[in-house]
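Chains as they are written, first to last, in our numbering: chain Z, 439 to 632; chain D, 439 to 632. Heads up: the structure comes next, in structure tokens.
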DNA sequence: GTCTATATGAGGATAGAC
DNA sequence: GTCTATCCTCATATAGAC
């Protein structure tokens, strides 16, 4: 027998978890959470249905862990790119570029989060998170806009947020035929002309 | 026995159908389609579960009939308000006012359509409709913008559509605390300044 | 750690009495 | 037209062998 250390076991376990999460993320994003069965996930991950429950105690927990990972990545990326800028206009640009980058590079996460936000039955799971994120971005916008001398920061922040969301949703629906890069430019041109 | 005419029967039947549809619309909008059971609908409509199937042969058909009604109303409203205008700018304003009005006056329909659009499992049902509507509005925008002398009508139409959608989604998420009327004004001010 | 087989429950849909 | 009782499918979750 080849004796294995605790670390090695842990490593194997983590890899298995990761591959299940990856498969689930893909399927959740494509078909939605409710319409994706454990069987499908297990099949996609190349394991048996029962084994799933050695790694995640329920489908809901699986979802939560995927979401936590997604949020973590997002927060990280945003914070680091924000810290590199101090001038308000550059901060604003950093937020925008960061958002577009995130959506482009991790479309599955983005799709999953979006579909979930519109599924009231699941919303409870991620309500705190989306709400927190939404309000956080809005506050950030308001803050920066105030520094840039904008008068009605509340409404202006809403408008900027609305357009940003709208563009990303169009990308969501239209896929790669959508001129995302051009729209980013147009957005910056139209909303960041300070 | 009180003899009833065919018309009277039909009338009773239509009223029953309507009350079921109303209950279902309410619940679908609040909880989502997948997470609303036939039992719940029947209870809300004050009838038994089994009776549902005398009026709608399946849950899916029930959904479809609700959607068809919603689309019909929407199309109607939009077309009549469009026909009253001929100048491009007034047409543009009519579309915008019409959209806001529709969302304000029939929030349940709007919520249902929105949640469904983001549920891949159901999307097939209404894909044709949403796609058609989406493209139609976009074409309309492009057309009007061209008449108004805008250069890149494609991107501009996307931007206008994105912002409009985004505002309505914020309303969707924030509810009555959201300053919808003010945002409408701001939107018109910012995008219809021709 | 991994599998197969099974328990359990929910929800859509049907049958048949009234 | 309306109800109650029942069927059936499917998906989550568990048990137990290997």
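In this text, a Cβ means the ideal position worked out from N, Cα and C, and glycines have one as well. Being a predicted model, the structure only gives us computed values, none of them experimental.
Exercise for the section: Please check if any C-beta of chain Z sits within less than 8 Å of the C-beta of residue 582 of chain D. Expected result: One-based indexing of the second chain puts residue 582 of chain D at position 144. Judged by the 8 Å Cβ criterion, residue 582 of chain D is not in contact with chain Z.
Handout entry: Assumed close pair residue 507 of chain D, residue 519 of chain D - CB separation to whole angstroms, cut-off 8 Å
Key = Sequence index remark: in the second chain, residue 507 of chain D carries index 69 (1-based). Sequence index remark: in the second chain, residue 519 of chain D carries index 81 (1-based). Rounded, the Cβ-Cβ distance is 19 Å, inconsistent with contact.
Problem - Residues near residue 579 of chain D by beta carbon distance below 6 Å, same chain, minus five either side - result: As a working note, residue 579 of chain D is residue 141 in the second chain. The answer, listed in chain order, is 595 and 598.
Handout entry: Pairwise C-alpha distance: residue 498 of chain Z and residue 480 of chain Z
Key = Position 42 of the first chain, counted from the start, is the residue given in the question as residue 480 of chain Z. Position 60 of the first chain, counted from the start, is the residue given in the question as residue 498 of chain Z. If I take the Cα positions, the gap works out to 15 Å.
Practice task
Output, in chain order, the set of chain Z residues within a Cβ distance shorter than 7 Å of residue 605 of chain D.
Solution key: Residue 605 of chain D sits at position 167 when you count from the first residue of the second chain. Simply 600.
Exercise for the section: Go through its chain and collect everything with a Cβ distance to residue 567 of chain D's Cβ below 6 Å, but skip five positions before and after it. Expected result: Here residue 567 of chain D refers to the residue found at position 129 when the second chain is read from its first residue. These residues qualify, in order along the chain: 509.
Problem - Chain-ordered chain Z contacts of residue 473 of chain D [CB-CB under 9 Å] - result: By 1-based counting over the second chain, the position of residue 473 of chain D is 35. Simply 472, 557, 558, 559 and 560.
Handout entry: Within-8 Å CB hit, residue 589 of chain D to chain Z
Key = For the purposes of this step, residue 589 of chain D is taken as residue 151 along the second chain, with counting starting at 1. Chain Z, which has no Cβ nearer than 8 Å to the Cβ of residue 589 of chain D, makes this no.
Practice task
For chain D, find out if any of its Cβ atoms is closer than 8 Å to the Cβ of residue 624 of chain Z; answer yes or no.
Solution key: Numbered from 1 along the first chain, position 186 holds the residue referred to as residue 624 of chain Z. Proximity of residue 624 of chain Z to chain D, defined by a Cβ-Cβ separation below 8 Å, is satisfied.
Handout entry: Pick from D:559, D:626, D:621 and D:630 that is closest to residue 471 of chain Z, judged by C-alpha positions
Key = Numbered from 1 along the first chain, position 33 holds the residue referred to as residue 471 of chain Z. Nearest C-alpha to residue 471 of chain Z: D:559.
Handout entry: Proximity test, Cβ basis, 8 Å: residue 593 of chain Z and chain D
Key = As a working mapping, residue 593 of chain Z is identified with position 155 in the first chain. For residue 593 of chain Z, the answer is yes, since a Cβ of chain D falls inside 8 Å of its Cβ.
Handout entry: chain Z contact residues for residue 596 of chain D, given Cβ-Cβ distances below 7 Å
Key = Numbered from its first residue, the second chain carries residue 596 of chain D at position 158. Chain Z residues near residue 596 of chain D: 608 and 621.
Problem - Inter-residue spacing [alpha-carbon to alpha-carbon] between residue 523 of chain Z and residue 455 of chain Z - result: Taking the first residue of the first chain as 1, we reach residue 523 of chain Z at position 85. Taking the first residue of the first chain as 1, we reach residue 455 of chain Z at position 17. Roughly 36 Å between the two C-alpha positions.
Handout entry: Residues in the stretch 534-556 of chain Z having any Cβ partner in chain D nearer than 7 Å
Key = 552, 553 and 556
Practice task
Could you tell me if residue 632 of chain D is buried or exposed, where buried requires 16 or more neighbouring beta carbons within 10 angstroms of its beta carbon?
Solution key: If you number the second chain from 1, residue 632 of chain D lands on position 194. Label assigned to residue 632 of chain D: exposed.
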